[in-house]
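A.B. asks: Dropping the structure in here first, questions after.
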Amino acid sequence: MTIVTSEFSRTRRLMLKSAGVAALIGLGVIPLGVPQALAAANDKYPEDAFKQKNEADAIKALYGKTPEPSDKVKMDAPEIAENGAVVPISATTTLSDVTSISFLVTENPVTLVASYRIPAGTLPSVANRIKMAKTSNVTVVVEAGGKLYSAAKEIKVTVGGCGG
Amino acid sequence: MASSIRVRATSTGDTTEVQALIQHPMDSGFVKDAKGEIIPPHFIQELTFEYDGKAVFVADWGGGISKDPYVKFAFKGGNKGDEIKIGWVDNKGTSDATTTKIQ
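Taken in sequence, the protein lines are chains A and B.
Quick note: the first sequence, position 120, residue 120 per my numbering, numbers continuous.
Quick note: the second sequence, position 45, residue 209 per my numbering, numbers continuous.
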């Protein structure tokens, strides 16, 4: 047991060290090259949508229309999340011509959590880990062929992810 | 060598599956520290994956993404040994980027 613990702390220290180095490099060389490449890659970051406090407003700010529920949008998420700081959620769809997939948590202070742009050739499936302040509905919105489809599910949270 | 981004891209023949893990606090701006002061927002806003000069996946993130974010997706095509570029920018303008070879 002791061996395991010391091994862990050593790797941890190593990781922290490498994180420090990464920060130094990040400050120095890389920023010159990266932002231009990113800016050229696609549309702008939807700043406004990430300020909305409720789901309908966030979806409107992001897409300019309202979604219809669809059983072709599938969400894989736990029924109960023990730790609201890390809730693993994935979404996939059988719809074609998908251009975007977004995740929204109704009860979070900022409803929109993530929006993924799916160019042609990329599969309409994404997995990520989100924070949840408390038990809430989680909505996945899929934009396919210019139309919006959604699926929602309530996830119970035992310990909220907003600290305190 | 050391990067905030750990990424793995695996070719399964027709598609390439990409998994990325990034070291970042992802502070939402709603959490208070031990003294009761709000920890200012600090989170990645945009994460881009490029293959063959084109974006294959772009993530727009808010503070609702967990600390040290993880993301997984897949795209059609991609050959073993080809390079994928990954870069992120956060709300303070900090950025990092790396490349990986498809395995």
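Every residue, glycine too, gets a C-beta built ideally from N, C-alpha and C.
Compare the C-alpha of residue 137 (chain A) against each of A:125, A:121, A:157 and A:124 and name the closest.
C.D. replies: The residue you call residue 137 (chain A) lines up with position 137 of the first sequence. Ranking A:125, A:121, A:157 and A:124 by Cα distance to residue 137 (chain A) puts A:157 first.
A.B. asks: Taking the alpha carbon of residue 119 (chain A) as the point to measure from, which residue in A:96, A:112 and A:104 has its own alpha carbon closest?
C.D. replies: Numbered from its first residue, the first sequence carries residue 119 (chain A) at position 119. Minimum Cα distance to residue 119 (chain A) is reached at A:96.
A.B. asks: Which one of A:55, A:78, A:58 and A:57 has the shortest CA to CA distance from residue 155 (chain A)?
C.D. replies: Here residue 155 (chain A) refers to the residue found at position 155 when the first sequence is read from its first residue. That would be A:78, whose Cα lies nearest to the Cα of residue 155 (chain A).
A.B. asks: With three or more beta-carbon pairs closer than 8 angstroms as the criterion, would you say the segment 127-142 of chain A touches the segment 104-113 of chain A?
C.D. replies: Touching, yes, given that three or more Cβ pairs across the two stretches are closer than 8 angstroms.
A.B. asks: Residue ranges of each alpha helix (DSSP H) run of no fewer than 4 residues wholly in the segment 55-124 of chain A, ordered along the chain?
C.D. replies: With a minimum length of 4 residues, the continuous alpha helix (DSSP H) runs that stay inside the segment 55-124 of chain A are 55-63.
A.B. asks: Could you check which residue in A:71, A:123, A:75 and A:139 has the C-alpha nearest to that of residue 54 (chain A)?
C.D. replies: On the first sequence, residue 54 (chain A) is found 54 positions in, with the first residue counted as 1. For residue 54 (chain A), the nearest C-alpha among the options comes from A:139.
A.B. asks: With a threshold of 7 angstroms between beta carbons, is residue 130 (chain A) in contact with chain B?
C.D. replies: To locate residue 130 (chain A), count along the first sequence from 1; it is residue 130. True, the Cβ-Cβ gap to chain B drops below 7 angstroms.
A.B. asks: For residue 115 (chain A), return the contacting residues in chain B, with the cut-off set at a CB-CB distance below 7 angstroms.
C.D. replies: On the first sequence, position 115 is the one that residue 115 (chain A) refers to. Correct list: 224.
A.B. asks: Report the three-state DSSP secondary structure of residue 196 (chain B) (helix, strand or coil).
C.D. replies: Translated into the one-based positions of the second sequence, residue 196 (chain B) becomes position 32. Strand, per DSSP.
A.B. asks: Might you give, ordered along the chain, the residues of its own chain that have their beta carbon closer than 7 angstroms to the beta carbon of residue 255 (chain B), omitting 5 neighbours on each side?
C.D. replies: For the purposes of this step, residue 255 (chain B) is taken as the residue at position 91 of the second sequence. Excluding residues within five positions, the ones whose Cβ falls inside 7 angstroms are 205, 206, 207 and 209.
A.B. asks: DSSP on residue 50 (chain A), reduced to helix/strand/coil?
C.D. replies: Looking up residue 50 (chain A) in the first sequence gives position 50. It is helical.
A.B. asks: Applying the criterion that 16 or more other CB atoms from any shown protein chain within 10 Å of the CB defines a buried residue, is residue 26 (chain A) buried or exposed?
C.D. replies: Taking the first residue of the first sequence as position 1, residue 26 (chain A) is located at position 26. Any reading at residue 26 (chain A) must be qualified, since the residue scores a pLDDT of 45, below 50, and its modelled position is unreliable; no value is offered.
A.B. asks: Can you grab the Cα-Cα spacing for the pair residue 252 (chain B) / residue 125 (chain A), in whole Å?
C.D. replies: The count along the second sequence starts at 1 and reaches residue 252 (chain B) at position 88. The count along the first sequence starts at 1 and reaches residue 125 (chain A) at position 125. So the alpha carbons of these two residues sit roughly 20 angstroms apart.
A.B. asks: Give the secondary structure of residue 274 (chain B) by DSSP, where H, G and I count as helix, E and B as strand, and everything else as coil.
C.D. replies: Here chain B comprises residues numbered 165 to 267, so residue 274 (chain B) is not present and cannot be evaluated.
A.B. asks: I want to see whether chain A comes within less than 7 angstroms of residue 238 (chain B), judged by CB atoms only; does it?
C.D. replies: Looking up residue 238 (chain B) in the second sequence gives position 74. Yes, residue 238 (chain B) lies at the interface with chain A (some Cβ there is under 7 angstroms from its Cβ).
A.B. asks: For residue 251 (chain B), which residues does DSSP report across the bridge?
C.D. replies: Against the second sequence, residue 251 (chain B) aligns to sequence position 87. Per DSSP, B:212 and B:261.
A.B. asks: For residue 192 (chain B), which residues in chain A fall below 8 angstroms Cβ to Cβ?
C.D. replies: Within the second sequence, residue 192 (chain B) is the residue found at index 28, counting from 1. Residues of chain A passing the Cβ test: 109, 110, 131 and 162.
A.B. asks: Since residue 121 (chain A) and residue 220 (chain B) should fall inside the 8 angstroms C-beta cutoff, what is the C-beta to C-beta distance between them, to a whole number of angstroms?
C.D. replies: Residue mapping note: residue 121 (chain A) aligns to position 121 of the first sequence, counting from 1. Residue mapping note: residue 220 (chain B) aligns to position 56 of the second sequence, counting from 1. Between residue 220 (chain B) and residue 121 (chain A) the Cβ distance is about 7 angstroms, and since that is below 8 angstroms, they are a contact.
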